Amino acid sequence: MKQPGTRHKARRRAVDLLFEAEAKQVSPAQLVAERREFVRDDESVGEIHDYTATVIEGLAADQSQVDSVVSSHLKGWTLERLPAVDRAILRLATWELFNSTDVDPIVIVDEAVELAKELSTDDSPAFVNGVLAKIAELAPQVRAAQAAGSDSGGRATDV
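This is the structure:
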């Protein structure tokens with residue numbers, strides 16, 4: 001069996017932190033900052049990978065837009081009705097689809113499906129795949145808009 005890569009582990013940690021932040025009703029970015037403090041004080045606490053922090057902080061900044069995109073692609077569901085872990089996976093992957101230009105959208109969707117297999121219900125992988133496949137179709141135009149926004153000094157975060 002293939003060993004999970006560094007990015008997979010970082011994504012899994014991000015899902016765990018998103019889930020925990022929602023359960024505790026705190027900002028995911030605040031939780032990452034607290035964990036990084038714990039690491040400085042206690043070496044037995046697992047370090048937060050830079051990619052995990054990047055994704056969490058980016059998602060925290062763009063969460064309302066990400067939630068809007070995810071919600072608009074749910075058929076017969078609302079974001080609030082989804083299992084919390086599925087919500088975290090969909091948020092993470094949607095943010096990555098629009099912002100991680102160094103990762104192919106197919107890889108992002110596949111990673112999200114793998115996380116759903118590891119962490120959620122038997123029905124979740126197919127559900128996550130279906131929702132993200134539709135969202136992934138938007139990724140090229142959103143990435144292009146963001147690149148144009150950063151070229152002009154602005155930020156194109158409206159998805």
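For the sequence shown, full-length UniProt numbering assigns the number 1 to the initial residue and increments by one for each residue that follows.
The C-beta atom is built at its ideal place from N, Cα and C for all residues, glycine as well.
These figures come from a predicted structure and were not determined experimentally.
Whole-angstrom distance between residue j and residue i, CA atom to CA atom
{"i": "Arg40", "j": "Glu137", "result": "41 Å"}
{"i": "Ala156", "j": "Glu37", "result": "Low local confidence applies: a pLDDT of 45 at Ala156 is under 50, so the model's placement there is unreliable, with the coordinate-based value given in what follows. Approximately 32 Å, taken between the alpha carbons."}
{"i": "Gln146", "j": "Arg7", "result": "23 Å"}
{"i": "Asp62", "j": "Asp42", "result": "31 Å"}
{"i": "Ala29", "j": "Asp50", "result": "13 Å"}
{"i": "Arg13", "j": "Val109", "result": "17 Å"}
{"i": "Leu31", "j": "Leu17", "result": "7 Å"}
{"i": "Arg81", "j": "Val55", "result": "24 Å"}
{"i": "Val15", "j": "Gln25", "result": "15 Å"}
{"i": "Ser27", "j": "Val70", "result": "19 Å"}
{"i": "Glu57", "j": "Trp95", "result": "11 Å"}
{"i": "Ala53", "j": "Ala60", "result": "10 Å"}
Counted within 10 angstroms of its Cβ, other Cβ atoms place residue i as buried (16 or more) or exposed
{"i": "Ala10", "result": "buried"}
{"i": "Ser64", "result": "exposed"}
{"i": "Ala148", "result": "exposed"}
{"i": "Thr121", "result": "exposed"}
{"i": "Ser124", "result": "buried"}
{"i": "Arg35", "result": "buried"}
{"i": "Ile135", "result": "buried"}
{"i": "Gly5", "result": "exposed"}
{"i": "Ala126", "result": "exposed"}
{"i": "Val66", "result": "buried"}
{"i": "Ile106", "result": "exposed"}
As assigned by DSSP and simplified to three states, the class of residue i
{"i": "Gly154", "result": "Low local confidence applies: a pLDDT of 48 at Gly154 is under 50, so the model's placement there is unreliable, and no value is given."}
{"i": "Ala145", "result": "helix"}
{"i": "Asp41", "result": "helix"}
{"i": "His49", "result": "coil"}
{"i": "Gln25", "result": "coil"}
{"i": "Glu137", "result": "coil"}
{"i": "His73", "result": "coil"}
{"i": "Thr121", "result": "coil"}
{"i": "Asp67", "result": "helix"}
{"i": "Gly130", "result": "helix"}
{"i": "residue 165", "result": "Not covered by the structure: residue 165. The range shown for the chain is 1 to 159."}
{"i": "Thr6", "result": "helix"}
{"i": "Asp104", "result": "coil"}
When the Cβ atoms of the region 85-96 are set against those of the region 12-32, are three or more pairs found closer than 8 Å?
-> yes
Three CB pairs or more closer than 8 Å across the region 128-144 and the region 97-108 = yes
Report yes or no: do three or more beta-carbon pairs, one from the region 71-80 and one from the region 125-137, lie closer than 8 Å?
-> yes
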